[in-house]
Amino acid sequence: MNTAELKEKARNFGADLIGIAPIAAFRELPPAHNPLAIFPQAESMIVIGRRIPRGTLRGMERQERKTAASFRHFGFVSLEDNYLARTTYDLGIWVEAQGYEAVPMFGYDVEAADRQPLGVPVSEERPAPNVYVDWKFAAEAAGLGKIGRNGLFLTPEYGPLQRFALLLSDFAFEPDRAVEDDPCRGCRACVDACPYGALDGTGRNDAVCRECRHGAIRTDIGRFGTVERIGAVCSRACVAALDAAGKRKMCTAARRAEGGI
């Protein structure tokens, strides 16, 4: 088993993005977000991404409830819970078949998870359950992209249009280099598009985002009550700006409906 084989298998199992972060990148993180608190023998963090179809944003643009369900299923819930989960599962089984271990993890919002602790430590030297790894930190360390001005994770291939899951392995795969280019340099499309002024260019106001009626989705307790913003107007403006600048490598600019973003 080697890195090239892993990536080929990941793509065969449906991954659109695959990157590897060295475990050294996580060693100084607090136990509550440290993968070594889950698997101390780990050597590599594998980050798996599946793209969100651009077409799922159409319903959000037109504010049509029936077509907006397309994003909720194919761009969010079913994509994470079924398609991405299956890719992660299949790749993990393949790694185990090679004689190594692979710990699968969903990409949860660690800040929201911290606000809803699920238990207490069983001893002073152990973290409280559950340990949630910051998937954005992992994806950056795996060379897949950067966190954008809007707080969403942006890749050179798809902008904000992808979902991620994680596999922690005790095989030392060759790590990928971090992305250096800043996709937001000189751009304020997301900031200018938000009708509520929730973005100031350096962060976001989650309380305002929770009241957004322009494509944001408030999640249930299973996702810690976070606000899903990839379908929101700020993210759609980001996609349009990246398309116009030719910065999404794997996509051509989508034909836009009149008045749509």
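For what it's worth, my numbering labels the leading residue of the sequence shown as 187, then goes sequentially.
Each residue gets a CB set at the ideal place from its N, CA and C atoms; glycine is no exception.
Quick one, are the C-beta atoms of residue i and residue j less than 8 Å apart?
i: Gly417; j: Gly261; result: yes
i: Pro369; j: Leu277; result: no
i: Arg415; j: Leu338; result: yes
i: Leu330; j: Ile232; result: no
i: Met246; j: Arg422; result: yes
i: His400; j: Val377; result: no
Hey, out of the options, whose CA is closest to residue i's CA?
i: Glu191; options: Val281, Asp356, Pro381 and Ala324; result: Val281
i: Asn188; options: Val377, Gly329, Phe339 and Gln284; result: Gln284
i: Ala271; options: Pro290, Lys433 and Ile333; result: Pro290
i: Pro315; options: Cys398, Ala223 and Tyr344; result: Ala223
i: Ala207; options: Asp367, Leu265, Gly372 and Arg363; result: Arg363
i: Pro178; options: Ala327, Arg349, Tyr318 and Phe225; result: As shown, the chain starts at 187 and ends at 447. That puts residue 178 outside it, with no answer to give.
i: Lys195; options: Ile279, Glu266 and Tyr269; result: Ile279
i: Arg312; options: Ala393, Ala328, Ala324 and Phe225; result: Phe225
CA-CA distance, residue i and residue j?
i: Phe199; j: Leu243; result: 25 Å
i: Ala358; j: Ala384; result: 42 Å
i: Glu214; j: Asn220; result: 8 Å
i: Ala228; j: Cys395; result: 37 Å
i: Cys380; j: Tyr286; result: 46 Å
i: Glu444; j: Cys398; result: Bear in mind that the predicted position of Glu444 carries a pLDDT of just 45, short of 50, making it unreliable; the figure below should be weighed with that in mind. Approximately 22 Å between the Cα atoms of the pair.
i: Leu347; j: Ser264; result: 15 Å
i: Val425; j: Ala431; result: 10 Å
i: Arg237; j: Gly205; result: 14 Å
i: Glu326; j: Glu310; result: 31 Å
i: Ala201; j: Val306; result: 36 Å
i: Arg374; j: Arg335; result: 8 Å
i: Glu366; j: Ala211; result: 16 Å
i: Gly372; j: Pro342; result: 16 Å
Who pairs with residue i in a beta bridge, going by DSSP?
i: Lys332; result: Leu340
i: Phe292; result: Ala351
i: Met231; result: Ala207 and Leu354
i: Arg236; result: Arg349
i: Glu414; result: Ile403
When the Cβ atoms of the stretch 233 to 240 are set against those of the stretch 385 to 404, are three or more pairs found closer than 8 Å? With a cut-off of 8 Å, the stretch 385 to 404 and the stretch 233 to 240 do not count as touching, because too few Cβ pairs lie within range.
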